[in-house]
Amino acid sequence: MHSVRGRRCHVVAVVSGLACCLVAGVEAGSGATAWSQTRTGPTAEEVAEARSAAVERSKQLDDATARLDEARRRLEELVALERAGGPTPALSALPDAPGASAATAVRPDPEVDEDEILAQARNVGPDGESGTTVSGFGPDVVGQAAEVRRFSLERARLRTEAETALTTAQRLVAEREAARKRRRAAKGRSRARAAAQQAQKAQTAQVVQPVQTTQAVALTEQTRGNVVADWALTQIDKPYVWASAGPSGYDCSGLTMQAWARVGVKMDHWTGTQWTAGRHVPYDRLQRGDLLFFGRGTRRPADIRHVGIYIGNGMMVHAPQTGDVVRVAPMWRKDLIGATRPA
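Printed below as a string of structure tokens:
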């Protein structure tokens, strides 16, 4: 007997998984629209409609497959009864119907082929040659074979529609995610421009307005930190590359090393020595450009595993890991161990 569940199960499984991905994709992208000047990519409503269409086609395919399974099982039983020489009962009186006797059950014939039965009924052999075979089946078997054939064609049509709907939904999700990444990059560039303008104003104020020595030092630190943070934001979306310090890709310490090099501070390309490259600062006194360190819960250089650059408002820019890109993320993680202001 032909298999009817292989590709259908694959479509149902993929559509079920797609539902979660679509919901996550819509929610993740909804907060970034304020940063785009024009709407590029599919809307959340378009993605949701595509998801609904894919799920609905999958349900229809599931129902059609169940009907085809049942029709083929009935056909097998009818053929088995005829070959056994017994009378052909009505469908409601077949052995599996309610009230049927187990003693009268007929084992289905695994070799039943509805196409062959229909060909024989038309006095045409399976090879297409007219008159080579005489039908040996009664009208109930022939009618049931035609029913199976109809269900089979319906299932084939629905399977194509389900796969098409799934492909469309996946394409819209990918396009929406790409648009979200573009908006995130534009957001980073906008912040970088605003920070650069703020830093330029601070430098101008430092030259024009006299300040005390301690204030001048603080202003210089803040200005340098702004330059560091602003430059790091311009590297957003560049790929993480282990042991790389740019310009096309970075690992975490390579990004921080190059950022602080912009203000003349030289550091080693290793999180352990960067941890000791300046004074440690408490979290309530963080300034933009300060380095945030993450590790195994100790403050020993050998246990430090990651570093990022503080950019304000509890956020940092960092190069996370292989397969990821330089991006903005919250600084508050359970493995955060401290902060350093390089000098």
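The sequence shown runs -24 to -1, 1 to 319 under mature numbering (1 follows the signal peptide of the UniProt record, and there is no 0).
The beta carbon of each residue, even a glycine, is placed where N, CA and C say it ideally should be.
Beyond the five residues adjoining it in sequence on each side, residue 238 comes within less than 7 Å, by CB distance, of 203, 204 and 207 in the same chain, given in chain order. Look at residue 283 here: in three-state DSSP terms it is strand. If you draw a straight line from the Cα of residue 272 to the Cα of residue 315, it comes to about 15 Å. Secondary structure note for residue 317: its beta strand (DSSP E) is the uninterrupted segment 312 to 318. Just so you know, the alpha carbons of residue 44 and residue 137 end up roughly 17 Å apart. Distance from the CA atom of residue 313 to the CA atom of residue 307, rounded to whole angstroms, is 11 Å. In the three-state reduction of the DSSP assignment, residue 276 falls in the coil class. By the Cβ-count criterion, residue 297 is exposed, with fewer than 16 other Cβ atoms from all chains shown falling within 10 Å of its own Cβ. Beta-carbon to beta-carbon, residue 287 and residue 303 are separated by about 11 Å, too far to satisfy the 8 Å threshold. Taking the Cα of residue 232 as reference, the smallest distance to any Cα among 53, 19, 52 and 318 is reached at 318. Per DSSP, the continuous beta strand (DSSP E) segment holding residue 292 begins and ends at 291 to 294.
The C-beta separation of residue 121 from residue 57 comes to about 14 Å, leaving the pair out of contact by the 8 Å criterion. If one requires a minimum length of 4 residues, the alpha helix (DSSP H) runs lying completely within the segment 201 to 261 are 228 to 237 and 247 to 251, in chain order.
In the DSSP assignment, the residues bridged to residue 301 are 215. For the 8 Å CB-CB criterion, residue 247 and residue 282 form a contact. Taking a 10 Å sphere around the C-beta of residue 260, we find fewer than 16 other C-beta atoms and assign the residue as exposed. Within the same chain, -17, 134, 135 and 138 come within 6 Å of residue 37 by CB-CB distance, once the 5 residues on both sides are set aside.
Restricting attention to 196, 174, 277 and 213, the CA atom closest to the CA of residue 240 is found in 196. Residue environment analysis places residue 236 among the buried positions, since at least 16 neighbouring C-beta atoms fall within 10 angstroms of its C-beta. Selection 128, 94, 132 and 129 evaluated against residue 116 yields 94 as nearest (Cα-Cα).
Between the alpha carbons of residue 156 and residue 169 lies a distance of about 20 Å. Residue environment: residue 227 is assigned as buried (16 or more neighbouring CB atoms within 10 Å of its CB, all protein chains considered). Under the three-state reduction of DSSP output, residue 127 falls in the helix class. Around the beta carbon of residue 41, a 10 Å sphere encloses 16 or more other beta carbons of the protein chains shown; the residue is thus reported as buried. Of the candidates 142, 277 and 132, the residue whose Cα lies closest to the Cα of residue 32 is 142.
Cα atoms of residue 162 and residue 209: separation of roughly 10 Å, rounded to the nearest angstrom. Within the same chain, 219, 221, 229, 230 and 233 come within 8 Å of residue 245 by CB-CB distance, once the 5 residues on both sides are set aside. Separation of residue 118 and residue 149 (C-alpha to C-alpha, rounded to the nearest whole angstrom) is 47 Å. A straight-line Cα-Cα distance of about 39 Å links residue 60 and residue 34. Between residue 47 and residue 127, the beta carbon gap of about 5 Å places them in contact (Cβ cut-off 8 Å). Secondary-structure assignment with DSSP links residue 288 through a beta bridge to 291.
The continuous stretches of alpha helix (DSSP H) do not include residue 16, and DSSP gives it neither H nor E. Contact check for residue 301 against residue 213 passes: the beta carbons are separated by less than 8 Å.
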